[in-house]
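Participant: Let me give you the structure first, and then I'll get to my questions.
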Amino acid sequence: MASNHILGIDIGGSGIKGAPVDLAKGQLAADRHKIETPKGATPEDVAEVVEQIVEHFADEVDKNTPIGITVPGVIHHGVVKFAANIDKSWIETDADKLFTERLGREVHVVNDADAAGMAEVHYGAGKDVKGVVLLTTLGTGIGSALFLDGKLLPNTELGHLEIDGHDAETRAASSAKEREDLSYKEWAERLQRYYSHVEALLWPDLIIVGGGISRKSDKFLPRLDLRTPIVPADLRNEAGIIGAAWYAKNFA
Ligand code: BGC
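Residues in the sequence shown are numbered from 46 upward in steps of one, following this note's numbering.
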């Protein structure tokens, strides 16, 4: 049991995944444990699954260490303020308090995209990149994490920009591709509209694209014509877990 191993847990729409993270290396220190997200996914039901994941790693993680947990919504000082794709009962839930009480441990809750971004900026595609780095996750929604010289500006929520009269994520998230059965070419046109709007507002130095579909980035990133370099995330599905652990350890 190494003391720099911190448990990171990533709450997603289909699965809740956790693993101890070796923060010296920015890698999982054991195979991740995944449990299906309970139907409805109320805070209480999710807390129960989170507890099972913590128990699963009881022998591997020092119980005096903090735990980092991601939630796919705005987290303002530990409280969920907005959540587009999870049960509405999360709104105004003090998630830090809920998990801390349930687990009897110090817990820090962070937006899922902010966590993935922290992992990429410290260990992955954004490592040592100076200036403005934007990570977006393409999944059920579009998550965003914005950094200046490696420092996060939290809760940017750029998936909810209104573009052409639509909430952007409803048109350009990978769930829209699935729902509307779009080809990569058709979906890339939506992404082009989205990313050209975003780069015109922020002038980033680098855009990193995460989310499950980033595994297939060769099918859509080469189709985009942007002035900003745009690359797939390095840490893929593990970024949320790694970033959650990083956040818990570095929480000030
Ligand atoms: C939520 C964000 C979240 C993103 C990805 C959006 O709908 O508003 O908070 O980061 O989905 O899960």
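Ideal Cβ placement from N, Cα and C applies to all residues, glycine included.
Under 7 Å: does the beta carbon of Ala129 sit that close to some heavy atom of ligand 1?
Facilitator: Yes, the Cβ of Ala129 comes within 7 Å of a heavy atom of ligand 1.
Participant: Does the region 195-215 come into contact with the region 232-252, if we say contact requires no fewer than three beta-carbon pairs (one atom in each stretch) closer than 8 Å?
Facilitator: The region 195-215 is in contact with the region 232-252.
Participant: Mind checking which residues open and close the alpha helix (DSSP H) that includes Ser241?
Facilitator: It spans Tyr229 to Leu247 - the alpha helix (DSSP H) in which Ser241 sits, taken as one unbroken run.
Participant: Please go through the same chain and pick out, in chain order, the residues whose beta-carbon is closer than 6 Å to the beta-carbon of Lys79, but skip the five residues on each side of it.
Facilitator: For Lys79, where only same-chain residues beyond five positions count, the Cβ hits under 6 Å are Gly60 and Lys62.
Participant: Taking the straight line between their C-alpha atoms, what separation do you get for Ala86 and Ile131?
Facilitator: Going from the Cα of Ala86 to the Cα of Ile131 covers about 7 Å.
Participant: Rounding to the nearest angstrom, what Cα-Cα distance links Leu247 and Glu100 in this structure?
Facilitator: About 42 Å.
Participant: Strictly by DSSP, which residues pair up with Ser189?
Facilitator: Paired residue(s): Thr181.
Participant: In chain order, what residues of the same chain have a beta carbon less than 7 Å from the beta carbon of Pro249, not counting five sequence neighbours either side?
Facilitator: Result list for Pro249: Val177, Val178, Leu179 and Thr273, in chain order.
Participant: Tell me whether Lys196 sits in a helix, a strand or coil according to DSSP, three-state version.
Facilitator: Strand.
Participant: State yes or no: is the C-beta of Asn35 nearer than 7 Å to some heavy atom of ligand 1?
Facilitator: The chain is shown only over 46 to 297; residue 35 falls outside these bounds and no answer can be derived.
Participant: Looking at the structure shown, is Phe127 part of a helix, part of a strand, or coil, going by DSSP?
Facilitator: In this structure, Phe127 counts as strand in the three-state DSSP scheme.
Participant: Can you give the beta carbon distance from Lys264 to Tyr229, rounded, assuming they're within the 8 Å contact cut?
Facilitator: Yes, they are in contact, since the Cβ atoms of Lys264 and Tyr229 sit about 4 Å apart, within 8 Å.
Participant: Quick check on Leu143: buried or exposed, where buried means 16 or more other Cβ atoms within 10 Å of its Cβ?
Facilitator: Buried is the call here.
Participant: At which residues does the beta strand (DSSP E) containing Ala74 begin and terminate?
Facilitator: Segment: none, Ala74 is in no beta strand (DSSP E) and carries neither H nor E.
Participant: Taking one C-beta from the region 275-282 and one from the region 90-107 each time, how about it: are there three or more such pairs within less than 8 Å?
Facilitator: Result no; under three Cβ-Cβ pairs closer than 8 Å.
Participant: Between Leu148, Thr115 and Leu193, which has its C-alpha nearest Ala160's C-alpha?
Facilitator: Cα-wise, what sits closest to Ala160 is Thr115.
Participant: Taking only the alpha-carbon atoms, compute the straight-line gap between Ile54 and Lys222 and give it to the nearest angstrom.
Facilitator: Cα to Cα, Ile54 sits roughly 27 Å from Lys222.
Participant: Tell me which same chain residues have a C-beta within less than 6 Å of the C-beta of Glu214, skipping the five on either side of it?
Facilitator: Answer for Glu214: Gly186, Ile187 and Gly204, listed in chain order.
Participant: Which value, in whole angstroms, describes the spacing of the CA atoms of Arg260 and Ile286?
Facilitator: Going by the C-alpha atoms only, they are around 17 Å apart.
Participant: Tell me whether the beta-carbon of Ala140 lies closer than 8 Å to the beta-carbon of Val119.
Facilitator: No; because the gap between Cβ atoms is not below 8 Å, this pair is not in contact.
Participant: Just the C-alpha distance for Ala75 and Leu271, rounded to the nearest angstrom, thanks.
Facilitator: Roughly 38 Å separates the two Cα atoms.
Participant: Quick check on the burial criterion: 16 or more other C-beta atoms within 10 angstroms. Buried or exposed for Asp194?
Facilitator: It counts as exposed.
Participant: What is the C-beta distance between Pro111 and Glu151, in whole angstroms, given that I count them as a contact (C-beta under 8 Å)?
Facilitator: That belief holds up - the Cβ atoms of Pro111 and Glu151 are roughly 4 Å apart, short of 8 Å.
Participant: Any heavy atom of ligand 1 inside 7 Å of the beta-carbon of Ile187?
Facilitator: For ligand 1, at least one heavy atom lies less than 7 Å from the Cβ of Ile187.
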